[in-house]
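See structure below.
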Amino acid sequence: MGDVAVGARSGHDGEEHRGHPVGAADPAADGAVTSGNDPGAAGDGEGSGGQPPTDEQGSGGASPTPKKQRSFWKELPILIGIALVLALLIKTFLVQAFSIPSDSMQNTLQQGDRVLVDKLTPWFGSEPERGEVVVFHDPDNWLAGEPTPDPNALQTFLSWIGLMPSAEEKDLIKRVVGVGGDTVECNRTGPLKVNGKALNEPYVYPGNTPCSQDDQGGQFKVKVPEGSIWVMGDHRQNSRDSRYNQADKNHGMVPVDEVVGRAIVIAWPINRWDNLPVPDTFEQNLDARSAALTVAPQGLALVGAVPLVLWRRQRIKAAETR
Numbered sequence: 005m006g007d008v009a010v011g012a013r014s015g016h017d018g019e020e021h022r023g024h025p026v027g028a029a030d031p032a033a034d035g036a037v038t039s040g041n042d043p044g045a046a047g048d049g050e051g052s053g054g055q056p057p058t059d060e061q062g063s064g065g066a067s068p069t070p071k072k073q074r075s076f077w078k079e080l081p082i083l084i085g086i087a088l089v090l091a092l093l094i095k096t097f098l099v100q101a102f103s104i105p106s107d108s109m110q111n112t113l114q115q116g117d118r119v120l121v122d123k124l125t126p127w128f129g130s131e132p133e134r135g136e137v138v139v140f141h142d143p144d145n146w147l148a149g150e151p152t153p154d155p156n157a158l159q160t161f162l163s164w165i166g167l168m169p170s171a172e173e174k175d176l177i178k179r180v181v182g183v184g185g186d187t188v189e190c191n192r193t194g195p196l197k198v199n200g201k202a203l204n205e206p207y208v209y210p211g212n213t214p215c216s217q218d219d220q221g222g223q224f225k226v227k228v229p230e231g232s233i234w235v236m237g238d239h240r241q242n243s244r245d246s247r248y249n250q251a252d253k254n255h256g257m258v259p260v261d262e263v264v265g266r267a268i269v270i271a272w273p274i275n276r277w278d279n280l281p282v283p284d285t286f287e288q289n290l291d292a293r294s295a296a297l298t299v300a301p302q303g304l305a306l307v308g309a310v311p312l313v314l315w316r317r318q319r320i321k322a323a324e325t326r
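Just so you know, the numbering used here puts the end of the sequence shown at 326, numbered straight through with nothing missing.
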């Protein structure tokens, strides 16, 4: 059949049949037809150098059949699976949404706010710092007696993969006031002091005093051990925080290992969108070591002066005896 195609394209009037037996395939002619070379040259067997047809170029020069694309509905489950895996990875290693269940952090956070918590930096050894708002696991039954919701299966699944705020009500959110090595104290109504330095706390709920005058934990002076933090709510008279859990196994401290991460932004509702920076009051030098160093030069001067005074007194006495 290839000879018929060549004869038709070459324009010769049947003479080509005498040069080749009828019914014999001419590879050179087929190559000339599919490659677009001069039909006349193809008749002389020179067009493509006698190359056999490729897989895409059949003996009849037919174009390859295009592959049938997979339907959208068949690809949809794969796309959903990939999205779920990505959401789970983001929730586990990057950020997680949490819902604010109470008023203990007013006015910084309102009940019903959704916050995004940074879970990435703790993987690189970052620890909570003073002034940060952090989410942490209940260290020792702080939420005893508090009502807990009963989410349905769908809510549990979506919160597990991070597409909804966490339904796990064993987490709390407070502000870090003291870190390992700090001495934190409250006397009367305040101000709150860290390593002897008073804090100016504009974030405290209006009408509240920085310290509470009660005998249940409102008055205190504690030293935070290494590897722990001391936390307090911004709504001081409506927050069951470190002050009121000093009878637990951690003496009111929160182990750093129980911290989920730092709350970095209010993501919902839209009219409440805001970031959660560290207040300026914590920018001052509150380090316990720096406080000790400011006293050290005076102490050294006193120690150095004592031998000098004794030496001078000895000289005076010696002069008088003469």
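Ideal Cβ positions, reconstructed from N, Cα and C, are used throughout, including at glycine.
In this text, all values refer to a predicted model and were calculated from it rather than measured experimentally.
Problem - Separation of Gln73 from Lys174, as counted between CA atoms - result: Cα to Cα, the separation comes out at about 48 Å.
Problem - the region 259 to 275 touching the region 119 to 135, judged by at least three CB pairs closer than 8 Å - result: The region 259 to 275 is in contact with the region 119 to 135.
Exercise for the section: Check whether the region 216 to 235 touches the region 181 to 201, taking contact to mean three or more Cβ pairs, one atom from each stretch, closer than 8 Å. Expected result: Of all C-beta pairs linking the region 216 to 235 to the region 181 to 201, three or more are shorter than 8 Å, placing the two stretches in contact.
Exercise for the section: Ignore the nearest five residues each way along the sequence and tell me which others in Ala202's own chain have a CB closer than 6 Å to its CB. Expected result: If the five residues before and after Ala202 are omitted, its C-beta is found closer than 6 Å to the C-beta atoms of Pro195, all from its own chain and listed in chain order.
Handout entry: Distance, Arg134 Cα to Glu287 Cα
Key = When the Cα atoms are used, Glu287 and Arg134 turn out to be separated by approximately 9 Å.
Problem - Cut-off 6 Å between Cβ atoms - residues of its own chain near Lys227, not counting five sequence neighbours on either side - result: The beta carbon of Lys227 sits closer than 6 Å to the beta carbons of Thr187 from its chain, once the five residues preceding and following it are set aside; these are given in chain order.
Problem - Distance between beta carbons of Pro132 and Val264, contact taken as under 8 Å - result: Beta-carbon to beta-carbon, Val264 and Pro132 are separated by about 10 Å, too far to satisfy the 8 Å threshold.
Handout entry: Close Cβ partners of Arg240 (< 8 Å) along its chain, the five nearest in sequence each way excluded
Key = Counting only Cβ-Cβ distances below 8 Å, and skipping sequence neighbours, we find Val208, Tyr209, Asn212, Thr213, Pro214, Cys215, Ser216.
Exercise for the section: Check Thr193 in the structure and name its three-state DSSP category. Expected result: Thr193: coil per DSSP, three-state reduction.
Practice task
Could you work out which residue in Trp127, Asn249, Thr112, Pro229 is closest to Asp219 when comparing CA atoms only?
Solution key: When only C-alpha atoms are compared, the closest one is Asn249.
Handout entry: Given Lys225 as reference, the closest of Asp284, Glu79, Met109, Val198 once Cα atoms are compared
Key = Closest option to Lys225, Cα to Cα, is Val198.
Handout entry: Residue span of the beta strand (DSSP E) that contains Gln100, given as start and end
Key = 99 to 103 is the span of the beta strand (DSSP E), which, as asked, contains Gln100.
Problem - Continuous beta strand (DSSP E) stretch holding Arg266: start and end - result: DSSP places Arg266 inside the beta strand (DSSP E), whose first and last residues are 263 to 272.
Handout entry: Distance between Phe161 and Ile84 (C-alpha atoms, nearest Å)
Key = For Ile84 and Phe161, the distance between alpha carbons rounds to 14 Å.
Problem - Spatial neighbours of Gly62 in its chain, beta-carbon cut-off 6 Å, leaving aside the 5 residues before and after - result: Model confidence at Gly62 stands at a pLDDT of 47, short of 50, so the residue's coordinates are unreliable; what they give is reported in the following sentence. So no residue of the chain qualifies.
Problem - Same chain only: Cβ atoms within 6 Å of Ser243, ignoring 5 sequence neighbours per side - result: If we look at Ser243 and ignore the five residues flanking it on each side, its Cβ neighbours are Ser108, Gly237.
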